[in-house]
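The numbers in the working numbering rise by one with no breaks, and the one at position 59 of the sequence shown is 59. Glycine is no exception: its CB is placed at the ideal position from the N, C-alpha and C atoms.
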Amino acid sequence: MAENERNILEDIRDQEYKYGFTSDIETELLGKGLSEEVVREISARKGEPEWMTERRVAAYRHWLTLEPPTWAHLHIPEIDFQDIIYYAAPKAKK
Numbered sequence: 001m002a003e004n005e006r007n008i009l010e011d012i013r014d015q016e017y018k019y020g021f022t023s024d025i026e027t028e029l030l031g032k033g034l035s036e037e038v039v040r041e042i043s044a045r046k047g048e049p050e051w052m053t054e055r056r057v058a059a060y061r062h063w064l065t066l067e068p069p070t071w072a073h074l075h076i077p078e079i080d081f082q083d084i085i086y087y088a089a090p091k092a093k094k
């Protein structure tokens, strides 16, 4: 990412939210990053059957073998998939 783009994004991120909508809900998050363990944990939290978990794990393993597409001739920054949170859910009410 170019320095100018980074500065613009930081400026937007750091300014106070001005549109009035808020959602004061406590959230349960998994840490950043994607791995087979994360795929299995998400599936477990969703209460999915074992066959669904195994399909998701197989898809994840296949995804690891893929290269980013080049046919679009786009000049976009590389995605850091380990810097993304893949699971967020509202915390259960007590």
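Rounded to the nearest whole angstrom, the C-alpha separation of residue 26 and residue 92 is 9 Å.
Fewer than three Cβ pairs drawn from the segment 71 to 79 and the segment 43 to 52 lie within less than 8 Å of each other, which leaves the two stretches out of contact. If you compare the alpha carbons of 17, 18, 34, 22 with that of residue 84, the shortest gap goes to 34. Membership of residue 29 in the beta strand (DSSP E) is indicated by the continuous run 27 to 29.
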